[in-house]
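Just so you know, the protein sequences line up as chains L and Z, in that order.
Each step along the first sequence adds one to the number in the working numbering, with nothing skipped, and position 133 is 133.
Each step along the second sequence adds one to the number in the working numbering, with nothing skipped, and position 33 is 200.
Glycine is no exception: its CB is placed at the ideal position from the N, C-alpha and C atoms.
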Amino acid sequence: MHSFGYRANALLTFAVTILAFICAIASFSDNFSNQTPSAQIQILNINWFQKQPHGNDEVSLTLNVTADLQSLFTWNTKQVFAFVAAEYETSKNALNQVSLWDAIIPEKEHAKFWIQISNKYRFIDQGHNLRGKDFNLTLHWHVMPKTGKMFADKIVMSGYRLPNAYR
Amino acid sequence: MDWQGQKLVEQLMQILLVISGVVALVVGYTTESFRTMMLIYAGGVVLTTLVTVPNWPFYNHHPLKWLDPSEAEKHPKPEVVSVASKKKFSKK
Numbered sequence: 001m002h003s004f005g006y007r008a009n010a011l012l013t014f015a016v017t018i019l020a021f022i023c024a025i026a027s028f029s030d031n032f033s034n035q036t037p038s039a040q041i042q043i044l045n046i047n048w049f050q051k052q053p054h055g056n057d058e059v060s061l062t063l064n065v066t067a068d069l070q071s072l073f074t075w076n077t078k079q080v081f082a083f084v085a086a087e088y089e090t091s092k093n094a095l096n097q098v099s100l101w102d103a104i105i106p107e108k109e110h111a112k113f114w115i116q117i118s119n120k121y122r123f124i125d126q127g128h129n130l131r132g133k134d135f136n137l138t139l140h141w142h143v144m145p146k147t148g149k150m151f152a153d154k155i156v157m158s159g160y161r162l163p164n165a166y167r
Numbered sequence: 168m169d170w171q172g173q174k175l176v177e178q179l180m181q182i183l184l185v186i187s188g189v190v191a192l193v194v195g196y197t198t199e200s201f202r203t204m205m206l207i208y209a210g211g212v213v214l215t216t217l218v219t220v221p222n223w224p225f226y227n228h229h230p231l232k233w234l235d236p237s238e239a240e241k242h243p244k245p246e247v248v249s250v251a252s253k254k255k256f257s258k259k
């Protein structure tokens with residue numbers, strides 16, 4: 001500690017090390033939050049259901065998504081990324097996941113929402129397996145922290161079915 | 168800065184930074200504000216810099232006792248004998 005430069009360097013290094021510790025503890029404190037998210041998705045209408053020129057099925061839906069993700073926000077949350085995926089099984093693939101809609105929720109106040117929208121991304125199958133298909137609509141979310149580990153979870157809602165014939 | 172001052176600086180620096188960190192963490196967690204935590208910590212780092220980095224007078228209260236000049240003259244420095252002048256025998 002014999003010179004100005006030495007002291008400044010020592011201080012800076014130690015300060016940054018302690019900052020790393022603070023951020024690690026802040027991230028660890030997220031494990032103690034009690035999370036009770038809820039969601040509901042309704043299919044209001046099947047707008048159209050056709051076979052594309054290349055032979056793949058495509059369907060357009062109008063969805064009503066109601067969700068309360070407010071309990072996912074902690075003091076260490078930067079934003080929550082939520083998306084709705086349609087999941088179903090075909091003879092070719094054990095699991096197909098098609099993302100229909102997503103949103104970035106930057107604040108707790110915006111996390112309780114109700115939205116009626118037609119699917120943001122196209123629901124196209126790899127093949128023509130969708131007629132009469134039973135599928136789940138799953139709301140996935142990723143909680144993105146200000147520091148530390150991101151964690152993801154989902155709610156699976158089942159019982160949806162596509163019509164037996166093209167419209 | 169003298170030796171006692173340097174020791175004091177090292178201790179003060181570590182203690183002040185750790186305390187800033189702990190206070191920042193506790194206040195930030197209880198107010199649920201990440202921003203508050205960062206601001207308190209930044210303030211703590213600035214405070215620590217002002218206290219420990221400049222050469223304040225109170226770090227020099229135990230100055231080194233250099234040897235008195237009269238005492239030093241009694242013990243003259245040894246003369247350097249150059250290797251090239253081997254022909255001359257230089258006796259003291």
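- At a cut-off of 8 Å between beta carbons, Ile-105 of chain L makes no contact with chain Z.
- Under the DSSP assignment, Glu-238 of chain Z falls outside any beta strand (DSSP E), being part of the alpha helix (DSSP H) whose first and last residues are 236-240.
- The beta strand (DSSP E) runs of length 3 or more contained entirely in the stretch 40-64 of chain L do not exist; there are none.
- In the structure shown, Arg-131 of chain L falls within a coil segment according to DSSP collapsed to helix, strand and coil.
- The three-state secondary structure of Glu-89 of chain L, taken from DSSP, is coil.
- Under the DSSP assignment, Leu-192 of chain Z falls in the alpha helix (DSSP H) whose first and last residues are 170-198.
- Distance check between Ile-22 of chain L and each of L:Ala-165, L:Val-59, L:Ile-155, L:Thr-147 places L:Thr-147 closest, using alpha-carbon atoms only.
- Not flagged as an interface residue toward chain Z: Arg-161 of chain L, since no C-beta distance is shorter than 8 Å.
- In the three-state reduction of the DSSP assignment, Met-204 of chain Z falls in the helix class.
- Note: Lys-154 of chain L is bridge-paired with L:His-140 in the DSSP secondary-structure output.
- Taking the beta carbon of Gln-181 of chain Z as reference, the chain L residues within 7 Å of it are Phe-14, listed in sequence order.
- Between Ala-86 of chain L and Asp-102 of chain L a beta carbon distance of about 13 Å is seen, past the 8 Å cut, so the two are scored as non-contacting.
- DSSP places Leu-69 of chain L in no alpha helix (DSSP H); its state is neither H nor E.
- The residues Asp-57, Val-59, Leu-162, in chain order, have a CB closer than 7 Å to that of Leu-130 of chain L in the same chain once the five nearest residues on each side in sequence are set aside.
- The Cβ of Val-194 of chain Z sits no closer than 8 Å to any Cβ of chain L.
- Residue burial annotation: Pro-37 of chain L is buried, with at least 16 other C-beta atoms found within 10 angstroms of its C-beta.
- A residue is called buried when at least 16 other Cβ atoms come within 10 angstroms of its Cβ; Trp-141 of chain L meets this threshold and is buried.
- Residue-level contact check: Phe-151 of chain L does not touch chain Z, since none of the beta carbons of chain Z fall below 8 Å from its beta carbon.
- Secondary structure of Arg-161 of chain L (DSSP, three-state): strand.
- Interface with chain Z (8 Å Cβ-Cβ cutoff): Asn-34 of chain L is excluded.
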